[in-house]
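Sequential numbering from 7 applies to the sequence shown in our numbering.
Yeah, the Cβ is synthetic: ideal placement off N, Cα and C, and Gly gets one too.
The model shown is predicted, which means the values in this text are computed figures rather than measured ones.
Note sheet for the following structure.
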Amino acid sequence: MFIGSTSVNGAVLIKWGRHSTAPFAVFVTYAPNNNDSVTNNFTPLIWSVGDSDFQVRLRDDRSYAWGGAQPVRLYWLATWKR
């Protein structure tokens, strides 16, 4: 789970805790208790996936611009191949 704020570009960088390679797949969604204006107006999108981290950006569903600085709580799940 990630709890924090996005950058002015609507981005969040989340580091892998125990892995040094990129995962096979990543899923991200809002956690409960988000600010209603964030969950109702922004969509979290996986922007990039790397060996040590991944980046999520919020897209404003009204204007399709990046979300800017927003408080956010995200659940994420990544799976690695063996």
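Proximal residues to residue i (C-beta, below 6 Å), its chain only, five neighbours per side dropped
i     : result
Val55 : Ala28 and Val32
Identified DSSP bridge partners for residue i
i     : result
Asp67 : Bridge partners of Asp67: none, in fact.
Pro50 : Leu64
Rounded separation between residue i and residue j - CA only
i     : j     : result
Tyr70 : Asn15 : 13 Å
Asn46 : Phe8  : 19 Å
Phe48 : Ile20 : 18 Å
Trp72 : Pro50 : 10 Å
Trp53 : Ala17 : 9 Å
Arg65 : Pro77 : 14 Å
Buried versus exposed call for residue i [16 or more other C-beta atoms within 10 Å across all chains shown]
i     : result
Thr12 : buried
Arg68 : exposed
Leu83 : exposed
Close beta carbons around residue i, own chain, < 7 Å, minus the five adjacent residues each side
i     : result
Phe30 : Thr85, Trp86 and Lys87
Ala75 : Ser11, Thr12, Ser13 and Val14
Of the listed residues the options, nearest to residue i (C-alpha basis)
i     : options                       : result
Thr35 : Val62, Trp72 and Ser26        : Val62
Arg24 : Ala17, Val18, Ser58 and Ile52 : Ser58
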